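Residue numbers (this note's numbering): 4 to 232. For reference, the structure discussed in these notes is given below.
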């Protein structure tokens, strides 16, 4: 699995890196149409990269082998990037809204926090055919609470806890006909808890869902230790 993942990641990282460089103007000004196409390429590549990470991480989760590299991370910046990527992949009937209007610093592994956000926003988008997916965040004591709300299919109340189990989501009747690895939420829950946070879900059928998780807050980069023990 690790070897296959590496073989897939190498060309993907090249596609992502080159797309970002062109968007940043390394070859000169980029026209509106070209920018739109590049953003689509970048979105698809990042989505595939996230799926590969989930596949590889599932075996690491089972063996408790994931390590975090902590630093101060501005959640608002990550959310802005995730929203831009995910919006280009969803139907025009679905709007992905970013309600975070100020920097919110947390202590954590930037790549893993980005993975958490991609999983939750991507999951919400996948089950929302019209309406919106909305990301909000606020300080809550010594933590920052981030919420992803959608107007999608929803989940029966008696299945809320089950959706965090591996393969459970893919096997549920509400998800029939919708592709997925089956353990994205399982990995997401593990990553949140590895950061010392919590995750919860509220949902109603045909109304939508809200997934909320917490991460330890950081006022400045000086507040962050060199890593998690």
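Where is the CB? At the ideal position from N, CA and C, for every residue including glycine. Quantities reported herein were computed from a predicted structural model and do not represent experimental measurements.
TODO: Would you tell me roughly how many angstroms separate the C-alpha atoms of residue 303 and residue 106, rounded to the nearest one?
DONE: Within the shown structure, residues of the chain are numbered from 4 to 232, placing residue 303 beyond reach of any answer.
Open item on the list: Using a Cβ distance threshold of 8 Å, determine whether the stretch 123-139 contacts the stretch 149-156, with at least three qualifying pairs required.
Closed with: yes
- [ ] Work out the CA separation of residue 110 and residue 210 for me, nearest whole Å.
- [x] Taking the straight line from one Cα to the other gives about 33 Å.
Task: Residues near residue 1 by beta carbon distance below 7 Å, same chain, minus five either side - done: Here the chain comprises residues numbered 4 to 232, so residue 1 is not present and cannot be evaluated.
- [ ] For residue 53, collect the residues of the same chain with a Cβ closer than 6 Å to its Cβ; drop the 5 residues on either side in sequence, then sort them by chain order.
- [x] 121
TODO: Go ahead and pull the three-state DSSP assignment for residue 93.
DONE: In the structure shown, residue 93 sits in coil (DSSP, three-state: anything other than H, G, I, E or B).
Open item on the list: As an exercise, report each continuous alpha helix (DSSP H) stretch of at least 4 residues that is fully enclosed by the stretch 38-107, in chain order.
Closed with: You should have 78-90.
Open item on the list: Can you look up residue 14 in the DSSP assignment and give me helix, strand or coil?
Closed with: helix
Open item on the list: Among 16, 165, 117 and 96, whose alpha-carbon lies nearest the alpha-carbon of residue 84?
Closed with: With distances taken between Cα atoms, residue 84 lies closest to 117.
Task: For residue 96, the nearest candidate out of 45, 74, 112 and 131 (CA to CA) - done: 131
Task: Distance CB(residue 218)-CB(residue 114) smaller than 8 Å - done: no
Open item on the list: Which residue wins for smallest C-alpha separation from residue 90, given the options 51, 67, 68 and 43?
Closed with: Per the Cα distances, 43.
- [ ] Give me whichever residues DSSP pairs with residue 219 in a beta bridge.
- [x] 146
Task: Rounded separation between residue 192 and residue 35 - CA only - done: Approximately 38 Å, taken between the alpha carbons.
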